[in-house]
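Written below as structure tokens is the structure these notes are about.
Residue numbers (the working numbering): 30 to 145.
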């Protein structure tokens, strides 16, 4: 094979690799927690902005930030932010305050055993 033939073959291989990579990066992906998260997000559309819900909203915003897929969830998270009157910055500021109390994900504390 001539030198030109080798060069053309290499160029074609590079083009195929780049095309394959661009297809892979533009495809929508499904997050492993999509089904669970979809239920949570749907419930937020019907609920108030409680401390727990705000903490969960912030957690989901972080999870889906930059994720190449689940556009419906990402759109609904933005919609919920608007409905509840928050921006990303104000949400994260509020949830830092909530987490500073250390109580948001703990069950209610009681001296009584729950199996009694």
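We treat Cβ as the ideally placed atom computed from N, Cα and C, and that holds for glycine.
Since the structure is predicted, the reported quantities are computational estimates derived from the model, not experimental observations.
Within 8 Å, strictly: CB atoms of residue 91 and residue 66: no
Taking only the alpha-carbon atoms, compute the straight-line gap between residue 42 and residue 48 and give it to the nearest angstrom. 10 Å
Go ahead and pull the three-state DSSP assignment for residue 34. helix
Could you pull the start and end residues of the alpha helix (DSSP H) that residue 90 belongs to? 80–93
Return the residue from the list 93, 87, 73, 75 that minimises the CA-CA distance to residue 58. 93
Note down the Cα distance separating residue 77 from residue 109, rounded to an integer number of angstroms. 10 Å
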